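Numbering (my numbering), first residue to last: 128 to 229.
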């Protein structure tokens, strides 16, 4: 379970996804996180049980390739949004919903 964290990989070299969960044995839960940066900011795939990704906020246009690369047809995805933040990581605005994409 990954819940209520701030993960920021903006400006980092040799990066991967701030949320990169591939666990073939267990359930995956990603909730209420603030995410910025990475190649893909959220990668949830190759999981063995159920996967829930909900209530997360992602800093708009902070990724390198795309915001999400996940097994969308297999997971529960809801209430994830693109946001803007200030220097203290406080959300200053909502850009729109964050769809799951493969």
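Built from N, CA and C at the ideal position, the CB exists for glycine as well. Every value quoted in this text rests on a predicted model; they were computed, and no experiment measured them.
Once DSSP output is grouped into helix, strand and coil, what is the label at residue i?
i           : result
residue 137 : coil
residue 200 : helix
residue 194 : strand
residue 130 : strand
residue 189 : coil
Name the one or two DSSP bridge partners that residue i has.
i           : result
residue 150 : DSSP output for residue 150 lists no bridge partner at all.
residue 220 : 211
residue 225 : Looking at the DSSP assignment, residue 225 forms no beta bridge with any residue, so it has no partner.
How far does the beta strand (DSSP E) with residue i in it reach, from first residue to last?
i           : result
residue 181 : 178-181
residue 168 : 167-171
residue 163 : 161-164
residue 185 : 184-186
residue 156 : 155-158
Would you mind sorting residue i into buried or exposed? The rule is 16 or more other CB atoms within 10 Å of its CB.
i           : result
residue 193 : exposed
residue 153 : exposed
residue 217 : exposed
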